[in-house]
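Read in order, the letters of the sequence shown correspond to residues 6 to 339 in our numbering.
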Amino acid sequence: MRVLVLGGTHHVGRALVKTALERGDEVSTLNRGLSRDPVPGVRALTADRTDPESVRRALGDAEWDAVIDTWAWAPRVVRDSARLLADRAGHYGYVSSRGVHHWPWPAGADERAPLVDGDPGSTDDADYAAAKRGGELAVLESFAGRALLARAGMILGPYEDVGRIPWWLRRLERGGRVLAPAPAQTPLQYLDVRDLAAWMLQSAERGLSDAFTVTGPPGAITLGELLTTMLAVTGFDTELVWAPPELLMRHGLPLGMELGLRLPDGSAPSGMHDADVSAALAEGLTARPLRDTLADTWTWLQAEGDPAPRADAPSPDTWLDAAAEQRLLDQLSH
6 MRVLVLGGTH HVGRALVKTA LERGDEVSTL NRGLSRDPVP GVRALTADRT
56 DPESVRRALG DAEWDAVIDT WAWAPRVVRD SARLLADRAG HYGYVSSRGV
106 HHWPWPAGAD ERAPLVDGDP GSTDDADYAA AKRGGELAVL ESFAGRALLA
156 RAGMILGPYE DVGRIPWWLR RLERGGRVLA PAPAQTPLQY LDVRDLAAWM
206 LQSAERGLSD AFTVTGPPGA ITLGELLTTM LAVTGFDTEL VWAPPELLMR
256 HGLPLGMELG LRLPDGSAPS GMHDADVSAA LAEGLTARPL RDTLADTWTW
306 LQAEGDPAPR ADAPSPDTWL DAAAEQRLLD QLSH
């Protein structure tokens, strides 16, 4: 296909570009050209997406079979891009989020769970859920019947710039004794970014439309399996010390929040890791083994170093007080 990736330099966008090239697609990207050099073999279009005229000039008169958009901020930007591309692209894939559903998410929720309100013309991105829902509506305005809304859950794998797995890998790398949020049997639900990218491209090729909850099968892995597999693929000499969440919270240690296992008040939310993904699985979504995801993430992290902290999120370096962790470890050793 001729594919246009709006973005293409970070996490999901970067995986989309790499996967599309591996498929043999003809790939264009559109971004500001500031984050990294263009990937060889990619036609790099440069524009500030908040400026519709800049985007119009960059697009020229080119046409594409598919567009995939990773925008996560003001919905009006998505609306402007979708309008410009409505007559020159066959399919529009939008990387959305399970966050578009009303909180708290019901246990076992699927695509029919209630949605938040969104405004496709909004310039506000303070409310992530409303912004993503507004982005969905913006896409549907111009690509009704030929749009895929991928409501992603927790996305892991190489290029991750949120800091979940890179942060844990660096903690485990230090060795010694490391606190972990009990119970180890807590189920996790996630998807490798490359599996998301492959599915979105395959779906575009097939002309698949509609909204889908896109993450891995529920109950496939546990937190204990996640952390012990990290140790297995890296060879770190680290001891996991499991501590109950109430003890962690008393010591000001919010472990588990980074993986959506608990809320700031210490409670464990329902619906985070048990989504019904049967619709996406029926449409060809697949998930690679956990070991492959973690090994490849570690290889990437070693090769490129820690990703720069995201501007819209706290630096992972501020997540945990090392002194408080050591005090609790000392307490648990007695």
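Backbone N, C-alpha and C define an ideal beta-carbon position, used for all residues, glycine too.
Quick one: what does DSSP say His278 is sitting in, helix, strand or coil? Here residue 278 refers to the residue found at position 273 of the sequence shown. Looking at His278 - three-state DSSP - the assignment turns out to be coil, as it is neither helix nor strand.
Looking at the secondary structure, which residues open and close the alpha helix (DSSP H) in which Tyr97 lies?
Position 92 of the sequence shown, counted from the first residue, corresponds to residue 97. Per DSSP, Tyr97 belongs to no alpha helix (DSSP H); it is in the beta strand (DSSP E), Ala94 to Ser102.
* **Bounding residues of the alpha helix (DSSP H) (the contiguous stretch that carries Asp335)** => The residue you call residue 335 lines up with position 330 of the sequence shown. Its alpha helix (DSSP H) spans residues Ala327 to Leu337.
| said: I'd like the list of long-range same chain contacts for Ala114, defined as Cβ closer than 7 angstroms, with 5 residues on each side in sequence excluded. | reply: Translated into positions along the sequence shown, residue 114 becomes position 109. Excluding residues within five positions, the ones whose Cβ falls inside 7 angstroms are His106, Gly276, Ala280 and Asp281.
Q.
Mapping the DSSP letters down to three states, classify Gly181 as helix, strand or coil.
A. Translated into positions along the sequence shown, residue 181 becomes position 176. In the structure shown, Gly181 sits in a strand (DSSP, three-state: E or B).
### Message
Closest to Ala300 by C-alpha separation, out of Gly261, Ala87, Tyr133 and Ile170, would be which residue?
### Response
The residue given as residue 300 occupies position 295 in the sequence shown. Answer by Cα proximity: Ile170.
Nearest to Gly104 by alpha carbon, out of Arg138, Gly98, Trp305 and Pro80? The residue given as residue 104 occupies position 99 in the sequence shown. Of Arg138, Gly98, Trp305 and Pro80, the residue nearest in Cα terms is Arg138.
### Message
Count Cβ pairs between the stretch 171-179 and the stretch 136-155 that sit closer than 8 angstroms; are there 3 or more?
### Response
no
Alpha carbon to alpha carbon, what distance is there between Leu252 and Glu288? By one-based count along the sequence shown, residue 288 stands at place 283. By one-based count along the sequence shown, residue 252 stands at place 247. Between the C-alpha atoms of Glu288 and Leu252 there is a straight-line separation of about 43 angstroms.
| task | Quick one: grab the DSSP three-state call for Val44. | result | The count along the sequence shown starts at 1 and reaches residue 44 at position 39. Coil.
**Asked** Do the CB positions of Ala87 and Asp66 come within less than 9 angstroms of each other?
**Response** Locating residue 87 in the sequence shown gives position 82, where the first residue counts as 1. Locating residue 66 in the sequence shown gives position 61, where the first residue counts as 1. Not in contact: Ala87 and Asp66 (Cβ atoms no closer than 9 angstroms).
(message) At 4 residues or longer, what runs of the alpha helix (DSSP H) sit wholly inside the stretch 12-43?
(response) 16-28
Problem - From Arg37, Pro250, Pro43 and Glu116, residue whose alpha carbon lies closest to that of Ala157 - result: Working through the sequence shown from its first residue, we reach residue 157 at position 152. Ranking the options by Cα distance to Ala157, first place goes to Glu116.
Using DSSP with H/G/I as helix, E/B as strand and the rest coil, what is Trp172?
Counting from one through the sequence shown, the residue named residue 172 turns up at place 167. Three-state DSSP puts Trp172 in a helix.
| task | Determine the direct distance from the alpha carbon of Val8 to that of Glu27, and round the result to whole angstroms. | result | Within the sequence shown, the letter at position 22 stands for residue 27. Within the sequence shown, the letter at position 3 stands for residue 8. Glu27 and Val8: Cα-Cα distance of roughly 13 angstroms.
Exercise. Arg293 to Thr24, Cα distance in whole Å?
Worked result: As a working note, residue 293 is residue 288 in the sequence shown. As a working note, residue 24 is residue 19 in the sequence shown. For Arg293 and Thr24, the distance between alpha carbons rounds to 14 angstroms.
**Request:** Identify the continuous alpha helix (DSSP H) that holds Trp305 and give its terminal residues.
**Result:** Along the sequence shown, one-based indexing puts residue 305 at 300. Element bounds for Trp305: Leu295 to Glu309.
**Report entry** CB of Leu50 within 9 angstroms of CB of Ala63, strictly
**Finding:** As a working note, residue 50 is residue 45 in the sequence shown. As a working note, residue 63 is residue 58 in the sequence shown. Going by C-beta atoms, Leu50 is nearer than 9 angstroms to Ala63.
### Task
Could you spell out the range, first to last residue, of the beta strand (DSSP E) harbouring Trp69?
Along the sequence shown, one-based indexing puts residue 69 at 64. Segment Trp69 to Asp74, the beta strand (DSSP E) holding Trp69.
I'd like to confirm the pairing. Which residues does DSSP put opposite Pro186 in its beta bridges?
Taking the sequence shown and counting its residues from 1, the one referred to as residue 186 is at position 181. Beta-bridge pairing links Pro186 to Ala248.
Exercise. Provide the residue(s) that pair with Tyr133 in DSSP beta bridges, ordered along the chain.
Key: Here the question's residue 133 lines up with position 128 in the sequence shown. As DSSP reads the structure, Tyr133 sits in no beta bridge.
Taking just the CA atoms, how far does Pro259 sit from Pro119?
-> As a working mapping, residue 119 is identified with position 114 in the sequence shown. As a working mapping, residue 259 is identified with position 254 in the sequence shown. When rounded, the distance between both Cα atoms is 29 angstroms.
Closest by C-alpha distance to Ala203, when choosing among Gly13, Leu21 and Thr304: Residue numbering aside, residue 203 sits at position 198 when the sequence shown is read from its first letter. The shortest Cα separation from Ala203 among Gly13, Leu21 and Thr304 belongs to Leu21.
**Asked** At which residues does the beta strand (DSSP E) containing Asp197 begin and terminate?
**Response** Looking up residue 197 in the sequence shown gives position 192. Unbroken beta strand (DSSP E) run through Asp197: Tyr195 to Asp197.
Where Ser338 falls, given that 16 or more other Cβ within 10 Å makes a residue buried = As a working note, residue 338 is residue 333 in the sequence shown. With fewer than 16 other Cβ atoms within 10 Å, it is exposed.
Is the Cβ-Cβ distance between Ala155 and Leu145 less than 9 angstroms? Position 150 of the sequence shown, counted from the first residue, corresponds to residue 155. Position 140 of the sequence shown, counted from the first residue, corresponds to residue 145. Not in contact: Ala155 and Leu145 (Cβ atoms no closer than 9 angstroms).
Apply the 10 Å Cβ neighbour rule to Trp303 and answer buried if 16 or more other Cβ atoms are within range, or exposed otherwise. One-based indexing of the sequence shown puts residue 303 at position 298. Classification for Trp303: buried.
Does DSSP put Val121 in a helix, a strand or coil? Counting from 1 along the sequence shown, the entry for residue 121 is found at position 116. In the structure shown, Val121 sits in coil (DSSP, three-state: anything other than H, G, I, E or B).
Check the C-beta distance from Ala285 over to Thr218 and give it rounded, since I have them as a contact under 8 angstroms. Counting from 1 along the sequence shown, the entry for residue 285 is found at position 280. Counting from 1 along the sequence shown, the entry for residue 218 is found at position 213. Contact holds; Cβ gap of about 6 angstroms.
Gly314 versus Met6, His16, Gly12 and Val10, residue with shortest Cα-Cα distance = Locating residue 314 in the sequence shown gives position 309, counting from the first residue. Reading the sequence as shown, one finds Pro at residue 314 and not Gly. Residue His16 is the option with its Cα nearest to Pro314.
Below 6 angstroms CB to CB, which residues in the same chain sit around Asp4 once its five sequence neighbours on both sides are set aside?
-> Within the shown structure, residues of the chain are numbered from 6 to 339, placing residue 4 beyond reach of any answer.
By how many angstroms is the C-alpha of Gly150 removed from the C-alpha of Asp122? Looking up residue 122 in the sequence shown gives position 117. Looking up residue 150 in the sequence shown gives position 145. Rounded to the nearest angstrom, the two C-alpha atoms are 21 angstroms apart.
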